[in-house]
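**Q** Heads up: the sequence shown is residues 123 to 384, going by this note's numbering.
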Amino acid sequence: MPRFAANLTMMYNEHAFLDRFAAAARDGFEAVEFLFPYDFSAADIKARLDEHGLTQALFNAPPGDWANGERGIASLPGREDEFRRSVDRALEYARVLGNDRLHVMAGLIKPEQSRAAHREVYLNNLAYAAKAARADGITVVIEPINTRDILGFFLNRQDDAQAICAEVGAPNLKVQFDLYHCQIVEGDLAVKLKRDMAGIGHIQIAGVPERHEPDIGEVNYPYLFALIDELGYAGWIGCEYRPRAGTSEGLGWAKPWLKARA
């Protein structure tokens, strides 16, 4: 049975951030994820998790200057020291929040920049992150993202992400498979899930193309949820979508699973 984690960055925006934990728990979620925790203390977030019986599934390492358009620094030449500090800070939070998945964003590349140079930096930084996270039992995940939503993002394809993980060779480095991004870039979702499941560390969903609830659009999610179960995936599935209207009002698609788990 799929296990869903509410993404509190995109969902429950009707509430202040720290109040979203209670709202997700009321709707039957047992886990949450979000992009970044760093505007709040780890202790305050942990208190909300504990109060509402929630598991922290995943969050992202610091991405550089997000407000000015940066989308990760893991592949950026010259930012290696900053990247290492970002991993160390993320692990400090993870030790408190208890998540065993940490997403590291690759970053942007301009057409005139060397992809080979970015890739070499990316590989070295991922090796550092995986080694640093291993002592805490944390798996580092990397995510291919479509270039419609993030123009110039360095990592776009599932096969490239799997090859990078294989080249680094760390057992706790895996791919974050976001079905929304993959459908936009590649499609053929079921085949890729079957091909890559051993290397998948986290899954996320959203409707395609509008990134609303997964009950509308071009992807047959009930079929894919059954396939994910059949393939033996036991992790959380992050609901990283923008609700069309109110978050709770749009959860009709999830009620069979949330109710069953409750």
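Every residue gets a Cβ at the ideal spot worked out from N, C-alpha and C, and that includes glycine.
Express the C-alpha separation of Asn342 and Asn268 in angstroms, rounding to a whole number.
**A** So the two alpha carbons sit approximately 19 angstroms from each other.
**Q** Where does Met123 land, buried or exposed, given buried means 16+ other C-beta within 10 angstroms?
**A** By the neighbour-count rule (16 or more Cβ atoms within 10 Å), Met123 is not buried but exposed.
**Q** Just checking, does the segment 349 to 369 make contact with the segment 321 to 337 on the three C-beta pairs under 8 angstroms criterion?
**A** The segment 349 to 369 vs the segment 321 to 337: in contact.
**Q** Pull the bridge partners of Gly360 from the DSSP assignment, please.
**A** Beta-bridge pairing links Gly360 to Ala127 and Gln326.
**Q** Looking at Cys304: is its Cβ nearer than 8 angstroms to the Cβ of Asn129?
**A** Cβ distance not < 8 angstroms, so Cys304 and Asn129 don't count as in contact.
**Q** Hey, could you find the ends of the alpha helix (DSSP H) Val218 is sitting in?
**A** Run containing Val218: Glu202 to Leu219, per the alpha helix (DSSP H) assignment.
**Q** How is the alpha helix (DSSP H) around Glu340 delimited, first residue to last?
**A** No alpha helix (DSSP H) contains Glu340, which DSSP labels as neither H nor E.
**Q** Just to confirm, is the Cβ distance from Ala183 to Ser208 under 8 angstroms?
**A** Cβ distance < 8 angstroms, so Ala183 and Ser208 count as in contact.
**Q** Kindly indicate the opening and closing residues of the alpha helix (DSSP H) around Phe143.
**A** Segment Arg142 to Arg148, the alpha helix (DSSP H) holding Phe143.
**Q** Ignore the nearest five residues each way along the sequence and tell me which others in Asp149's own chain have a CB closer than 7 angstroms to its CB.
**A** Excluding residues within five positions, the ones whose Cβ falls inside 7 angstroms are Ser370, Leu373 and Leu380.
**Q** Quick check on the DSSP output: what are the complete alpha helix (DSSP H) runs of length 4 or more inside the segment 253 to 338, in order along the chain?
**A** List check, alpha helix (DSSP H) in window: 280 to 290, 301 to 307 and 311 to 318.
**Q** Can you tell me whether DSSP reads His240 as helix, strand or coil?
**A** Helix.
**Q** State the DSSP-derived secondary structure class of Gly191, mapped to helix, strand or coil.
**A** If DSSP states are grouped into helix, strand and coil, Gly191 belongs with coil.
**Q** Any chance the segment 330 to 340 sits against the segment 232 to 246, with 3 or more Cβ pairs inside 8 angstroms?
**A** At 8 angstroms Cβ cutoff, the stretches do not touch.
**Q** Let me check understanding here. Comparing Cα to Cα, which of Asn135, Ala228, Glu352 and Arg223 lies closest to Leu315?
**A** Selected option, being the one with the closest Cα: Glu352.
**Q** Flag this pair as touching only if the segment 154 to 166 and the segment 194 to 210 have three or more C-beta atom pairs under 8 angstroms; answer yes or no.
**A** Too few Cβ pairs lie closer than 8 angstroms, so no.
**Q** Per DSSP, which residues does Val154 bridge with? Please list them.
**A** In DSSP, Val154 forms a bridge with Ala128 and Gln178.
**Q** I'd like to confirm the pairing. Which residues does DSSP put opposite Arg223 in its beta bridges?
**A** Partner(s): Thr261.
**Q** Can at least three beta-carbon pairs, one atom from the segment 182 to 196 and one from the segment 134 to 149, be found at a separation below 8 angstroms?
**A** Cβ pair count under 8 angstroms is below three, so no.
**Q** Keeping to the same chain, check which residues put their C-beta closer than 7 angstroms to that of Ala283; ignore five residues upstream and five downstream.
**A** So the list reads Ile264, Pro266, Leu277 and Val297, once near-sequence residues are dropped.
**Q** For Lys171, write down the residues that DSSP places opposite it in a beta bridge.
**A** With the sequence shown as reference, residue 171 is identified as Leu, and Lys is not the correct amino acid for it. Note: Leu171 sits in no beta bridge, so no partner.
**Q** Return helix, strand or coil for Leu198, following the three-state DSSP convention.
**A** DSSP places Leu198 in coil when its eight states are reduced to three.
**Q** Is Pro378 buried or exposed, if buried means 16 or more other CB atoms sit within 10 Å of its CB?
**A** That one is exposed.
**Q** Near Arg170, what residues of its chain come up, given a Cβ to Cβ distance below 8 angstroms and the 5 sequence neighbours on each side ignored?
**A** Cβ within range, chain order: Leu140, Phe143, Ala144 and Leu176.
**Q** Would you mind working out which of Arg223, Arg241, Ile260 and Leu230 sits nearest Leu273, comparing C-alpha positions?
**A** Checking every option, the nearest Cα to that of Leu273 belongs to Leu230.
**Q** Within 8 angstroms of any Cβ in chain C, is that where the Cβ of Asp187 sits?
**A** In the displayed structure, chain C is absent; only one protein chain is listed.
**Q** If you draw a straight line from the alpha carbon of Leu198 to that of Glu214, how long is it in whole angstroms?
**A** Roughly 23 angstroms separates the two Cα atoms.
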